[in-house]
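Down below is the structure, laid out as structure tokens.
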Amino acid sequence: MSLFGQTVICGILLGGMYALIAIGMTLIMGVMKIINLAHGALVMVGMYITYVCYKSWGLDPYIGMLIAMPALFLIGCLIQRYMINRLVEVDSILPENQVLLTVGIMLVLTELARLIFKSDYRSVTTGYSSSTFFVGDMSISIPMTVGFFIAMAFTYLLHLFLTRTDLGRSIRATAQDRNAAVYMGVNASRVTVITFGIGSALAAAGGSLLLPLFYLWPDIGHLFTAKAFIITILGGMGSTMGAIFGGLTLGIAESLGATYISMGYKDVVGLVIFLLVLLFLPGGFKSLTKR
Amino acid sequence: MTAKSWLTPTIIAVVALVLPFLLRDPYPQHILIMILIWATLGTAWNLLGGYAGQVSFGHAAFFGLGAYSAGLLFLHLKISTWWGMLLGPFVATAVAVPIGLICFRLRGPYFALATLALGEIFRLVFTNWVKFTHGAQGILILSTFPTKLPYYYIALAIWGLAMFTLNRLINSKLGYYFVSIREDQDAAESLGIPTTRYKMYALLPSAFLAGLTGAFYMNYIAFIDPHVVFSLGDISVMVILVVMMGGVANPWGAPVGAAIYIALNEIFRAWLGSANVLAFGILVCLVILFLPNGVMGELGQIRRTAFRQKPAAAGGGQK
Amino acid sequence: MKKTLSISAVALMLIGALIIAGCGGGKQQAPKTEAKKETVKVGVILPLTGSEAMFGTMEKNSMEMAYEELKAAGKTTVGGKEIELKFEDDQSKQDAAKAAAEKLINQDKVAMLSGGYSSANTNVIAGTAQSKGIPFLIVTGSADKITQQGWQWIFRGTAAPASKYTGALWDLIDKVIKPKSVAIIYENTDFGTSSAEGFRKVCKEKGINIVFDQAYEKGAIDFKPMLANMKKTNPDVVFAVSYVMDASLIAKQMKELDFNTKLFIGGAAGYTMPEFKENAGDASEYVASTTLWIPNVAWKGAADYFKKYKEKYGKEPDYHGAQAYATMYIIADALGRAKDFTPAGIQKALKETDLMTIMGPIKFEDWEGYTNQDKPTTYVVQWQKGKLEVVWPEEAASTKPVFPVPNWKERK
């Protein structure tokens with residue numbers, strides 16, 4: 121029984137942190153309806169900024185995160201304003217141009233990181249990196265727990281922002297129906313720029329929380345992009361609560377898959393769930409709650 | 003008119019047939035073969051994605067199935083991998099049927115993600131099912147021909163088949179159905195077009211050609227493993243990039259894109275060393291921003307900028 | 051319109067191809083006009099960019115260092131010609147490896163090939179070399195089957211077949227450890243799968259009970275589900291084949307789970323690198339591993355190589371660097387003995403190699419189904435007090451192995 125408990129707890133904690141990374145993507149997908157394949161690369165950039173803060177100034181990653189977030193907000197805004205926004209007005213045969221642009225951006229970000237930092241693996245080992253506490257037979261990692269709670273806090277703050285502030289409501293309006301929002305006086309371009317910025321900042325936060333636990337190298341982005349997609353679809357595009365649900369589901373499913381099927385096939389579990397949701401519940405968790 | 007419309011294909015055919023004798027070095031010949039492989043794979047994708055508008059992010063699945071059909075024949079039955087060129091396309095097409103039936107219920111980004119997930123599932127299964135596929139250890143064979151010439155002509159023939167298939171399909175009634183589905187699926191359905199069936203008519207040849215290319219790849223490179231032939235980044239996404247850069251919905255989009263991709267990759271690699279992928283990424287961004295319909299799609303625009311014609315004054319260059 | 055479009059498209063393709071040909075041809079001409087002395091070219095294919103760049107660069111640096119030493123000793127002039135190393139980047143990708151091999155053989159007309167880091171790329175290069183009849187001396191690629199095909203042009207000296215890394219380990223297991231149960235975990239790459247296969251086979255022959263046997267995809271964040279599952283089976287000994295970052299996470303997470311075994315043995319690669327100790331911290335203590343080489347091994351020149359490399363490049367090299375370094379010496383030795391620089395001449399010289407290097411004696415022999423494969427010298431090392439010590443075989447050992455290792459809670 122404790123094996124099951126151990127597995128589930130690991131899944132929940134890790135899933136919570138995945139969720140924070142995914143929230144950025146679900147926001148972007150909800151508002152701009154584009155598949156952002158550069159999302160993982162943005163996480164990676166945020167992690168490198170936090171890493172540099174740690175290496176150069178000895179800042180703990182949880183503090184470095186507070187520097188990485190505004191930095192990524194700015195980068196995200198710039199990318200959206202000068203690159204992706206340009207494509208919105210263009211008439212092309214396939215609307216997927218935006219996706220391909222994000223692929224290009226992903227390549228550029230990844231390779232720039234490789235040029236600066238080389239392909240070496242970097243890691244941040246803090247005093248508490250390996251600390252655990254035990255609940256019965258189950259070992260719970262402290263940085264994972266702290267990360268989980270911070271992720272939940274950010275999610276809640278985002279939820280408040282989206283529901284209680286004007287800007288937040290403008291974002292949701294643009295997500296629901298861009299044209300109607302414009303008629304209502306919402307500056308859609310500005311909203312998309314800010315959304316991309318917020319999404320990127322949250323991605324940086326999620327990555328920074330993982331930094332004490334994992335390690336960093338330029339290609340780490342691909343891993344996060346894949347997970348973020350699955351979670352976005354599971355939760356429903358544009359839904360923050362959905363992202364939490366999706367993150368937890370993915371985390372637990374992967375953990376259970378690793379324990380009870382095999383570690384090699386654990387990613388298949390996530391992908392199969394992903395497909396099933398796509399096919400039978402395309403609106404994700406969000407559509408379940410609407411009923 | 004008839005004589006004229008035969009002229010261009012004939013010129014191209016003659017040039018293509020003679021090319022390897024102009025470039026005798028095996029290294030440029032290798033480049034040409036890689037261009038042909040990507041041109042074929044791109045054309046296959048273009049049929050489904052560019053013309054029918056179903057953007058698949060998992061075409062590596064068909065490519066890999068073709069490659070592994072050939073490889074597994076050798077691994078388990080000790081038959082030459084060349085038989086895979088017959089088996090591969092049919093395996094890929096057979097698998098495409100359920101994939102299509104499942105995925106065509108979805109539209110736009112959802113369809114793209116579903117195909118992405120399927121491609122990845124194939125990769126993971128082929129990596130982990132070691133007993134059947136040899137997993138990450140891959141399948142290694144000895145090249146059949148010591149020179150490149152036979153490979154070149156086979157690749158050329160495959161590409162020719164792809165172009166011919168594309169041409170026949172898009173110039174038939176099917177072509178119109180594809181475009182109507184791409185432009186507005188709901189309108190097409192309301193006109194009574196069975197969209198799923200026609201999407202399948204685009205998918206099946208696409209999978210067939212992708213599988214054929216995969217089987218050829220096995221024979222040419224002589225080593226495959228799941229990480230390479232089912233790769234998301236290097237194959238699935240790259241084929242989309244190639245066709246988009248060259249121009250979707252244009253028969254020459256894939257070959258042009260392939261030539262750009264392979265040629266520039268080699269040039270960047272030779273001149274820039276480790277910054278070559280960065281250069282490629284920047285190129286992708288620039289092409290998409292400034293040539294949204296790819297090179298072939300924006301050819302009019304390119305010619306105008308190159309010759310500085312005023313758009314209003316342009317004579318016959320516009321269409 | 052269509053006609054012009056089509057012709058333009060073809061023109062583009064042609065121009066592209068011609069540029070490549072021009073590039074390649076142009077580059078070939080430059081050295082010919084510049085070189086005053088005639089050279090014997092050795093093509094070396096390594097991952098200088100891409101995910102494996104860290105090792106490729108280490109190997110390139112080591113080969114160049116060895117080259118400089120040989121040059122100073124006059125050993126790079128063979129038969130009146132100067133050995134010239136030509137490096138090509140395979141970008142950690144197979145088709146780039148094939149293109150590089152083709153270019154080196156056909157365009158640069160190299161006399162022999164060397165390099166080969168990942169098993170996948172080594173496979174491709176070997177296939178190309180074998181079909182073209184050019185000798186290929188492998189530096190690192192260790193999948194068993196590369197030298198099991200009877201291919202006479204392929205030589206593997208400094209790299210052991212993946213399943214043979216465990217030579218010294220089995221000796222230690224038989225004499226000291228004598229486990230009743232064992233757990234095997236491995237990354238599902240070529241190297242991981244081959245090593246695990248080899249280990250599994252011998253376990254079955256010796257009747258050791260395998261209580262857990264699982265592959266995993268490398269780059270995972272959380273190994274705890276798998277480790278907790280393994281903990282339940284209570285193995286005496288764990289055998290793991292992992293890349294360095296996975297290795298650090300596995301060691302750390304085993305400590306977090308308070309998962310104790312009598313001995314944790316790595317299958318080389320990740321568990322012997324300095325990064326492992328850096329990242330796993332004190333969880334790395336008492337972890338043992340098989341290896342082909344460590345800096346304080348007894349062979350002449352090994353310690354000097356380590357010191358010199360560290361001074362010059364600011365990083366500690368590991369056995370991959372040593373492999374490249376020793377390979378350069380083998381190349382110089384063979385080319386020095388070759389009667390002529392035809393493929394057959396070099397092949398003959400390689401076959402007759404009997405050289406002492408910093409990795410031990412190198413001889414190319416046919417045994418157990420392998421062709422032109424050196425019989426590797428393997429060791430078992432263990433992290434003790436933060437240092438990697440050789441603990442087996444006894445003749446080479448710097449200290450005794452700690453077995454059984456103390457439980458996590460008992461350690462300071």
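Residue numbers (my numbering), protein chains in the order written: chain A, 121 to 411; chain B, 3 to 321; chain C, 51 to 462. Where a beta carbon is used, it is the ideal one built from N, C-alpha and C, also for glycine.
| query | result |
| --- | --- |
| CA-CA distance, Gly128 of chain B and Ile364 of chain A? | According to the sequence shown, residue 128 of chain B is Phe rather than Gly. So the two alpha carbons sit approximately 32 Å from each other. |
| Tell me the rounded alpha-carbon separation between Lys77 of chain C and Phe274 of chain A. | Interpretation of Lys77 of chain C is limited by its pLDDT of 41, a score under 50 that renders its predicted location unreliable; the figure taken from the coordinates is listed afterwards. Lys77 of chain C and Phe274 of chain A: Cα-Cα distance of roughly 56 Å. |
| Can Tyr155 of chain B and Ile39 of chain B be called in contact, C-beta distance under 8 Å? | no |
| For Glu122 of chain B, which of A:Asp257, A:Gly404, A:Val208, A:Lys386 has the nearest alpha-carbon? | A:Lys386 |
| Using 10 angstroms around the beta-carbon of Lys133 of chain B, count the other beta-carbons present and answer buried if the total reaches 16, otherwise exposed. | exposed |
| Quick one: what's got a C-beta closer than 6 Å to Lys347 of chain A's C-beta in the same chain, skipping five residues either side? | Tyr138 |
| For Asp188 of chain B, name the three-state secondary structure that DSSP assigns. | helix |
| Could you tell me the distance, in whole angstroms, from the CA atom of Gly403 of chain A to the CA atom of Ile291 of chain A? | 19 Å |
| Under 8 Å, do Ala94 of chain B and Asp227 of chain B count as touching if we go by C-beta distance? | no |
| Let me see if you follow: with CB-CB separation under 8 Å, is Pro22 of chain B close to chain C or not? | no |
| Would you check if the segment 50-65 of chain B and the segment 180-193 of chain B touch, i.e. whether three or more CB-CB distances between them fall below 8 Å? | yes |
| How many Å lie between Ile269 of chain B and Met36 of chain B at the Cα? | 14 Å |
| Answer yes or no: does any C-beta atom of chain A fall closer than 8 Å to that of Lys282 of chain C? | yes |
| So Gly384 of chain A and Asn130 of chain B are supposed to be a Cβ contact under 8 Å. How far apart are they, rounded? | 4 Å |
| Starting from Tyr335 of chain A, find everything on chain C with Cβ-Cβ shorter than 9 Å and list it in chain order. | Met295, Ser298, Leu299, Asn329 |
| In its own chain, which residues sit with a C-beta less than 6 Å from the C-beta of Gly74 of chain C, not counting the 5 before and 5 after it? | Caution applies to Gly74 of chain C, whose pLDDT of 46 falls short of 50 and renders its modelled position unreliable; the model cannot decide the point. |
| Using a cut-off of 7 Å between C-beta atoms, extract the partners of Gly55 of chain B located in chain A. | Leu214 |
| Exposed or buried, Ala308 of chain B, counting other C-beta atoms within 10 Å across all chains shown (16 or more means buried)? | exposed |
| Please decide whether Ala179 of chain C counts as near chain B, where near means a Cβ-Cβ distance under 8 Å. | no |
| Should Pro181 of chain A and Ser328 of chain A be called a contact, given that it needs their Cβ atoms to be closer than 8 Å? | yes |
| Would you identify the three-state DSSP class for Glu216 of chain A, choosing helix, strand or coil? | coil |
| Using a C-beta to C-beta distance shorter than 7 Å, which residues of chain B count as neighbours of Glu152 of chain C? | Pro28, Tyr29, His32 |
| Please work out which residues of its chain come closer than 6 Å, Cβ to Cβ, to Gly131 of chain A, disregarding the five sequence neighbours upstream and downstream, and give them in chain order. | Gly371, Ile372, Ser375 |
| Could you please give me the residues that DSSP links to Pro411 of chain C through a beta bridge? | C:Met406 |
| Cα separation between Ser122 of chain A and Val297 of chain B? | 60 Å |
| So that I know if they touch, is there some Cβ in chain B lying closer than 8 Å to that of Leu98 of chain C? | yes |
| Cα separation between Gln432 of chain C and Ser213 of chain C? | 20 Å |
| Mapping the DSSP letters down to three states, classify Gln434 of chain C as helix, strand or coil. | strand |
| In chain C, which residues lie less than 8 Å from Gly384 of chain A when you measure between Cβ atoms? | Asn238, Gln264, Ala265, Tyr266, Glu267 |
| Spell out a yes or no on whether the segment 159-174 of chain A and the segment 234-245 of chain B are touching, meaning 3 or more CB-CB pairs, one atom from each, closer than 8 Å. | no |
| According to the Cβ coordinates, are Glu91 of chain C and Gly386 of chain C closer than 8 Å? | Note on residue identity: the sequence assigns Lys, not Glu, to residue 91 of chain C. No. |
| Less than 8 Å between C-beta atoms, sequence neighbours within five positions excluded: which residues of the same chain meet that for Gly358 of chain A? | Thr146, Leu147, Met149, Gly150, Val151, Arg292, Ala295, Lys406 |
| Are the C-beta of Leu377 of chain A and some C-beta of chain B separated by less than 8 Å? | For clarity, residue 377 of chain A is Gly in the given sequence; the question names Leu instead. No, Gly377 of chain A does not count as interfacial toward chain B. |
| Given a cut-off of 8 Å, decide if Met406 of chain C and Thr379 of chain A are closer than it, judged by their beta-carbon atoms. | no |
| Just verifying my parser: in three-state terms, what is the DSSP assignment at Thr283 of chain C? | helix |
| Have a look at the DSSP bridge pairing and note the partners of Gly102 of chain B. | Its beta-bridge partners do not exist; DSSP assigns none. |
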